[in-house]
Every structure is written in structure tokens, then in C-alpha cells.
Amino acid sequence: MKVRTYRDLEVWQVAYALCRQVYEASRGFPKEEVYGLTAQVRHAAISVPSNIAEGMGRRSTAEFIRSLRIAYGSNSELETQLLLARDLGYIAAEDYTRLEQGAASVERMLSALLVALQRRTQKRTEPAPTTGLPDHRRNMQ
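Counting in the working numbering, the sequence shown runs without a single skipped number right up to 165 at its last residue.
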């Protein structure tokens, strides 16, 4: 399948679905969190597919890479906020696990896309690229 728009990107589709799930889950947060954690977790969640879409829309590989890195950062922010929501009892452990697995999938896809784009733009004589982003999961197990 040829990618014509950001909606054709699997990473955008998964990030968008995760965003919807986060919005649903955050409906149950306490009212006093409406301008706190509720707003923060929703902002981080919508930032991921939005930055993917924005980067693709800029029609520049360098801008796309920049936007994907921002999306990666927002996804990491989302993971932290979901963990806090679980620890505060705002979301059930099962819901947290489902959302965290979605965020982990988005992270892997963003990393793979970043590597592919960087390889495409690098000279053949340079070493293989990395995402330039830390893999924090190695230290969490």
C-alpha cells in the first residue's frame, strides 16, 4: 500500500486509536484533575498523532524527522502520566496495561520509522543510524 497521507501511516493509526482510548479512560478521572492530570494526559495523547500528521504534511524529510522526535517525546510523557494515573487509582491496572502496551507499540513504530528515514537521508559511508533517543525500557525490567 502506498502512503499518500498521514492517515495511511500505521504509526499514525495506532497513535490515533491510543489517543481515543486515553480520552475514554480519562473521563473517569476526578473532577479536581480537570485542569491537572486529565488535561496533561489528554494533551500528551493528542500530541503524538498530531505531530506525526504535521511532520508528514510539511513535505520535508528533515521536518518529518523533527516532528517524529517530538511525537516520541510526547509518547514518553504519556507513559509517565498513565503510570501516575494508575498509581493514584484513577485507572485500573488492566486499563493501564492495555494503554501502556499501546504506547509501547507506538514507541517501537516511531523508532523504526525514524531509523528508516535517517538511513534514507544519510550517505552510504556513514555508520548505521539510531533514533538518537534512549531506550528507557531496558532499565525498567
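A virtual CB, placed ideally from N, CA and C, is assigned to each residue, including glycine.
- With 16 other CB atoms within 10 Å as the buried threshold, where does GLY113 fall? By 1-based counting over the sequence shown, the position of residue 113 is 89. Counting Cβ neighbours within 10 Å, GLY113 comes out exposed, since fewer than 16 surround it.
- Find the nearest neighbour of ASN75 within the set ALA116, THR29, ARG90, judged by alpha-carbon distance. Indexing the sequence shown from 1 puts residue 75 at position 51. Checking every option, the nearest Cα to that of ASN75 belongs to ARG90.
- Task: Along the alpha helix (DSSP H) that carries LEU33, what are the first and last residues, could you check?
- Result: Reading the sequence shown from its first residue, position 9 is the one you call residue 33. Counting along the chain, no alpha helix (DSSP H) covers LEU33, and no H or E run does either.
- SER71: buried (16+ other C-beta within 10 angstroms of its C-beta) or exposed? Reading the sequence shown from its first residue, position 47 is the one you call residue 71. Looking at its Cβ environment, which holds 16 or more other Cβ atoms inside 10 Å, SER71 is buried.
- ALA140: buried (16+ other C-beta within 10 angstroms of its C-beta) or exposed? Working through the sequence shown from its first residue, we reach residue 140 at position 116. So ALA140 ends up on the exposed side.
- Item | Residue interval of the alpha helix (DSSP H) (run including ARG122) | Against the sequence shown, residue 122 aligns to sequence position 98. Counting along the chain, ARG122 sits inside the alpha helix (DSSP H) bounded by residues 117-145.
- Message: Rounded to whole angstroms, what is the Cα-Cα separation between ALA117 and VAL58?
- Response: The residue labelled residue 117 in the question sits at position 93 within the sequence shown. The residue labelled residue 58 in the question sits at position 34 within the sequence shown. So the alpha carbons of these two residues sit roughly 21 Å apart.
- Task: Within 10 angstroms of the Cβ of GLU103, are there 16 or more other Cβ atoms? Answer buried if so, exposed if not.
- Result: By 1-based counting over the sequence shown, the position of residue 103 is 79. Buried is the call here.
- Task: Determine the direct distance from the alpha carbon of ILE94 to that of LEU106, and round the result to whole angstroms.
- Result: In the sequence shown, residue 106 corresponds to position 82, counting from 1. In the sequence shown, residue 94 corresponds to position 70, counting from 1. Spanning the two alpha carbons is a distance of roughly 18 Å.
- Query: How is VAL27 classed by DSSP in three states: helix, strand or coil?
  - Reply: Position 3 of the sequence shown, counted from the start, is the residue given in the question as residue 27. If DSSP states are grouped into helix, strand and coil, VAL27 belongs with coil.
- Query: From what residue to what residue does the alpha helix (DSSP H) around TYR59 run?
  - Reply: For the purposes of this step, residue 59 is identified with residue 35 of the sequence shown, where counting begins at 1. For TYR59, no alpha helix (DSSP H) segment is defined, and its DSSP state is neither H nor E.
- Quick one, which of LEU108, GLN146, ILE115, TYR96 has its alpha-carbon nearest GLN45's? For the purposes of this step, residue 45 is taken as the residue at position 21 of the sequence shown. Distances from the CA of GLN45 to each of LEU108, GLN146, ILE115, TYR96 were compared; the closest alpha carbon is that of ILE115.
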